[in-house]
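Chains as they are written, first to last, in the numbering used here: chain A, 3 to 262; chain B, 4 to 294; chain C, 106 to 427.
Report on the following structure.
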Amino acid sequence: MSLLALADVTIRFGGLTAVDTLNLEVKQGEILALIGPNGAGKSTVFNLITGIYKPTHGKISLDGKPLAGIPTHKIADMGITRTFQTIRLFSELSVLDNVKIGAHCRGNAGLFQAFTRLPGMKREELELEEKSMEALEFLDLAGKWEEKAKNLSYGEQRRLEIARALVSKPKVLLLDEPAAGMNPQEKAVLVEMIRRIRDTGITIFLVEHDMKLIMGISERIAVLDYGKKIAEGTPLEVRSNKAVIEAYLGSGKFKSRIRR
Amino acid sequence: MNIMQQLVNGLALGSIYALIALGYTMVYGIIGMINFAYGEIYMFGAYAGLTLALSNYVNVYVALFGAMIITMVLGVVIERIAYKPLRRSSRLSALISAIGVSIFLSSLMVRLKGPNTRGFPKLFENRIFAIGDFQITFYQIVIIGVAALLMLGLHLFVTYSKTGRAMRACAQDQDAAKLMGVNIDRVVSITFAIGSGLAGAAGVLSGIYFNAVQPYMGLLAGLKAFAAAVLGGIGSIPGAMIGGLVIGLTEIMGITFNLSEYKDAFAFAILILVLMFKPSGILGRKANKKV
Amino acid sequence: MKKLLNNWFVQALLFLMALGLTAYVSQVINDVLPPYVLIIGLFIGINLIMALGLNLITGVTGQLSLGHAAFMSIGAYSSAIATVNFHVPFLLGVLIGGLVAGLFGLIIGFPTLRLTGDYLAIATLGFAEIVRVQFTNMKITNGAIGFLGIQGSTTFPIVMTIAVLTIFAMVWLEDSRNGRAMLAIREDEVASSAVGINTTLYKIQAFAIGAFCAGVGGALFAHTTTFIQPTDFGFLKSVDILSIVVLGGLGSIPGTIIGAIVLTAAPEALRSLSNYRMMVYGLLLIVIMIFRPYGLLGGVNLRQAVRRAIMLPKKKQTGRGA
Numbered sequence: 003m004s005l006l007a008l009a010d011v012t013i014r015f016g017g018l019t020a021v022d023t024l025n026l027e028v029k030q031g032e033i034l035a036l037i038g039p040n041g042a043g044k045s046t047v048f049n050l051i052t053g054i055y056k057p058t059h060g061k062i063s064l065d066g067k068p069l070a071g072i073p074t075h076k077i078a079d080m081g082i083t084r085t086f087q088t089i090r091l092f093s094e095l096s097v098l099d100n101v102k103i104g105a106h107c108r109g110n111a112g113l114f115q116a117f118t119r120l121p122g123m124k125r126e127e128l129e130l131e132e133k134s135m136e137a138l139e140f141l142d143l144a145g146k147w148e149e150k151a152k153n154l155s156y157g158e159q160r161r162l163e164i165a166r167a168l169v170s171k172p173k174v175l176l177l178d179e180p181a182a183g184m185n186p187q188e189k190a191v192l193v194e195m196i197r198r199i200r201d202t203g204i205t206i207f208l209v210e211h212d213m214k215l216i217m218g219i220s221e222r223i224a225v226l227d228y229g230k231k232i233a234e235g236t237p238l239e240v241r242s243n244k245a246v247i248e249a250y251l252g253s254g255k256f257k258s259r260i261r262r
Numbered sequence: 004m005n006i007m008q009q010l011v012n013g014l015a016l017g018s019i020y021a022l023i024a025l026g027y028t029m030v031y032g033i034i035g036m037i038n039f040a041y042g043e044i045y046m047f048g049a050y051a052g053l054t055l056a057l058s059n060y061v062n063v064y065v066a067l068f069g070a071m072i073i074t075m076v077l078g079v080v081i082e083r084i085a086y087k088p089l090r091r092s093s094r095l096s097a098l099i100s101a102i103g104v105s106i107f108l109s110s111l112m113v114r115l116k117g118p119n120t121r122g123f124p125k126l127f128e129n130r131i132f133a134i135g136d137f138q139i140t141f142y143q144i145v146i147i148g149v150a151a152l153l154m155l156g157l158h159l160f161v162t163y164s165k166t167g168r169a170m171r172a173c174a175q176d177q178d179a180a181k182l183m184g185v186n187i188d189r190v191v192s193i194t195f196a197i198g199s200g201l202a203g204a205a206g207v208l209s210g211i212y213f214n215a216v217q218p219y220m221g222l223l224a225g226l227k228a229f230a231a232a233v234l235g236g237i238g239s240i241p242g243a244m245i246g247g248l249v250i251g252l253t254e255i256m257g258i259t260f261n262l263s264e265y266k267d268a269f270a271f272a273i274l275i276l277v278l279m280f281k282p283s284g285i286l287g288r289k290a291n292k293k294v
Numbered sequence: 106m107k108k109l110l111n112n113w114f115v116q117a118l119l120f121l122m123a124l125g126l127t128a129y130v131s132q133v134i135n136d137v138l139p140p141y142v143l144i145i146g147l148f149i150g151i152n153l154i155m156a157l158g159l160n161l162i163t164g165v166t167g168q169l170s171l172g173h174a175a176f177m178s179i180g181a182y183s184s185a186i187a188t189v190n191f192h193v194p195f196l197l198g199v200l201i202g203g204l205v206a207g208l209f210g211l212i213i214g215f216p217t218l219r220l221t222g223d224y225l226a227i228a229t230l231g232f233a234e235i236v237r238v239q240f241t242n243m244k245i246t247n248g249a250i251g252f253l254g255i256q257g258s259t260t261f262p263i264v265m266t267i268a269v270l271t272i273f274a275m276v277w278l279e280d281s282r283n284g285r286a287m288l289a290i291r292e293d294e295v296a297s298s299a300v301g302i303n304t305t306l307y308k309i310q311a312f313a314i315g316a317f318c319a320g321v322g323g324a325l326f327a328h329t330t331t332f333i334q335p336t337d338f339g340f341l342k343s344v345d346i347l348s349i350v351v352l353g354g355l356g357s358i359p360g361t362i363i364g365a366i367v368l369t370a371a372p373e374a375l376r377s378l379s380n381y382r383m384m385v386y387g388l389l390l391i392v393i394m395i396f397r398p399y400g401l402l403g404g405v406n407l408r409q410a411v412r413r414a415i416m417l418p419k420k421k422q423t424g425r426g427a
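Written out as structure tokens, the structure is:
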């Protein structure tokens, strides 16, 4: 069953076709990876799904509901949250506040509640705090709740971004190069965390450069080159796919250097 | 009313705004900062020109040139003292510092020359040339001519000189320019010098044109010139020229249609309208949202 | 004890007591201090109310506004019209001033908040100039000559009570779902909408509330000076209020309070320098920015600092160990 579906999605920036008639289905509960050389349009796909860019052509739907014309903030509410390639935290705010803000779309309090501070609002705040601490514990950041986000280490910041995206209990979690800049140990921890997140029932769709990580974690892989999908399948299938090898290493003379 | 006539009036006024706007746009393009004190540099230029002109030893062109030199030095000194220490902090801190400079300069001038409006000495005969209905004064010819010459010079400098190339490189990517061996501090100083010189020239020209110089004249002129820079597309040199001319022309048109009480509002109304529909200004490049 | 303090009714009672205490203490001060000192205190309060509003827009939500004086003037004129032309009671007039200004904040907010950063700043500046020119040309405001004959109803206790009320409201707002959304927008707009924050909505909320505060301040101002004219609300007035916020430390409520006290009192304290005082004021702004670019209290988390100072050992065990 497909949870998130992209049908014939195309986007052009001036003369450049960044994503070209892409058809892709993300199935409920899987870990799907999108790979491709630099500039292949991977992050653009995420920006299309989250409504930051509007597709020139084609449809994107979640659970059968079309996402066309729905603003970014409502898409989060509908159950798609993400992390960013370059970390985008609320860096001057505390770790806990970052996660609390992540659950914004699950709250109800408005200005009236802010100024009257009735017991209902306090209950919501307490629940929010508990949920947020849970998310922090899940990503092993609970001890740092009081720190400013900018004071965390690089790996911790990546994890905090995931916690922030996770706390609203999305259907699909989009991870944009989650392992970028991490050392091997941190990567190992990350892989284990991504699996645990999936085990709570959240579908994972990730863009990544680290082949070892991708091959180890994903159940299916789609490959993008110059905005076009050139292959899709299990890690094993993709690894031996001719078009993929050409895209990554160029055609012809260097083929002999590929390790199988 | 003769349209051509209003066009010339608007052109003369617009040239003055354009000269100040160039300073705003160049500094913004290179260090991303709004130098609010430019209006006061313009005012200083007017006073410098006035003082030189009154000294009897110099003619109008020497006064103009002298005022430009004085404001250039002033601009560089201001940058070194009040802005350079703040280059890496938030733009708001730099903005407040600039406002501090602006308050300091205008109150300094009140101390030096008193708060009253002063006239400009008659430096040359203001002859009127008439072709049929159409009239143009010699002052207007001088203003438009000097402004056009200065802008042409600036254009050639930025396009063809080595320093001009360094300036454009800094506007694109300061860190990359630095790695390529561009001396950022020097480029910023030169930018401030040029911008301030142009504002100083504008001050002298407006002093001649309106026959009035006053310590607080910089505020509204500076705001309108800034509006002109944004209108044209901030960071773009031709944009600042176009923006200045548009604002000058609108103001004159407003006066033509008997709305002179509202003339100070026109610049800003146009500005807001343009920003609504093309937020980056007339010639501004659309900033790509990078996620 | 702690449970009792968490009870809503107890808190509401404490809040009302705090307001009552403020009113009482400022009444006592009012009777003791000489008028020329009181008037400075009164302007500190008025500036504080307006600066807190701007702090919400610029400090908390991160939207640079250079037109706060426009909302102040709208509040000042509409309250003056209400009390003079329609004989509305003073406090209701103040509320009307705030509401009209807030309404304009809403109206202006919708189109301009699509703009970001410096473009928004210049649009608000343009709006303020237009408002000023409009007031100069209106009959009901008596144009450039100025609006005369406003009752001097503003008193020190009233200003102080409203100022304390505003401080409470701002602290509450920042510690709420709405306030966090506003802070998030300041930190990163793209990330904010990615977690489900309707950035336009919260920006407009901040704008309208900030404008309301400016309107209330303007109304109190009008009923202090009893005479207002459009030049009272020029660009430099907007700058005055912005300097308070930036000097104190953007986004910091205690900073704004200190900024309001320092910058309102400074020109008065510098009065002995007579002709040099505006020069010194300008230099002061430059020097403070160079040595404290994030404001006097910028980057200082007072709540955390106080908590660490008072109950460091206990908090560390429960907090860090969790």
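All C-beta atoms, glycine included, are put in the ideal place defined by N, C-alpha and C.
- Using a 10 angstroms sphere on the CB of A:D178, the tally of other CB atoms reaches 16 or more, which defines it as buried.
- As a beta-bridge residue in DSSP terms, A:L34 pairs with A:F207 and A:R222.
- Per DSSP, reduced to three states, the secondary structure at B:Q138 is strand.
- Our two residues, B:L223 and A:K56, have alpha carbons roughly 41 Å apart in a direct line.
- As DSSP reads the structure, A:I13 sits in a beta bridge with A:V21.
- Residues of the segment 94-107 of chain A with a Cβ closer than 9 Å to any Cβ of chain C, in chain order: E94, L95, S96, D99, N100, K102, I103, G104, A105, H106 and C107.
- Below the 7 Å Cβ cutoff, chain C contributes no neighbours of A:A182, its closest Cβ being approximately 17 Å away.
- Taking CB atoms only, B:S58 has no neighbour in chain C less than 8 Å away.
- Using a 10 angstroms sphere on the CB of A:F48, the tally of other CB atoms reaches 16 or more, which defines it as buried.
- The contact set of A:S170 on chain C, defined by CB atoms closer than 9 Å, consists of V300 and G301 in chain order.
- In terms of beta-carbon proximity, C:S348 lines the interface with chain B, with at least one pair separated by less than 8 Å.
- At a cut-off of 8 Å, the C-beta of A:T74 has a neighbouring C-beta in chain C.
- Per DSSP, reduced to three states, the secondary structure at B:I237 is coil, with no helix or strand assignment.
- The beta carbon of A:E234 is closer than 6 Å to those of A224 in its chain, skipping five residues each way along the sequence.
- Using a 10 angstroms sphere on the CB of A:F114, the tally of other CB atoms stays under 16, which defines it as exposed.
- Put simply, of B:T259, B:F280 and B:S209 the residue whose alpha carbon is nearest the alpha carbon of B:P124 is B:S209.
- Residue environment for C:L197: exposed (fewer than 16 other C-beta atoms within 10 angstroms of its C-beta).
- For C:G284, at least one C-beta of chain A is nearer than 8 Å to its own C-beta.
- Assignment of B:D178 by DSSP, reduced to helix, strand and coil, places it in the helix class.
- Under the criterion of beta carbons closer than 8 Å, C:L153 and C:I309 do not qualify as touching, at roughly 24 Å.
- Secondary structure of B:L57 (DSSP, three-state): helix.
- With at least 16 other beta carbons inside 10 angstroms of its own, C:T163 counts as buried.
- Distance from A:I206 to A:I199 at the Cβ level is roughly 7 Å; contact confirmed, criterion being Cβ atoms closer than 8 Å.
- Assignment of A:E149 by DSSP, reduced to helix, strand and coil, places it in the coil class.
- DSSP links A:G235 through a beta bridge to A:I223.
- Under the three-state reduction of DSSP output, A:K61 falls in the strand class.
- With fewer than 16 neighbouring CB atoms inside 10 Å of its own CB, B:Y163 falls in the exposed class.
- A:V174 is positioned such that its CB atom lies no closer than 8 Å to that of A:S45.
- Per DSSP, A:D178 lies in no alpha helix (DSSP H); the unbroken beta strand (DSSP E) holding it starts and ends at V174 to D178.
- The Cβ atoms of C:I227 and B:V80 lie no closer than 8 Å to each other.
- In this structure the segment 13-26 of chain B touches the segment 139-146 of chain B; the number of beta carbon pairs closer than 8 Å is three or more.
- Judged by DSSP secondary structure, A:T83 falls within the beta strand (DSSP E) whose first and last residues are I82 to R84.
- Taking 8 Å as the threshold, the shortest C-beta distance from C:Y224 to chain B falls below it.
- Here C:I213 is buried, its C-beta having at least 16 other C-beta atoms within 10 Å.
- The CB of A:G60 never comes closer than 9 Å to any CB in chain C; the least such distance is about 21 Å.
- Classified as buried, C:L169 has 16 or more neighbouring CB atoms from the shown chains inside 10 Å of its CB.
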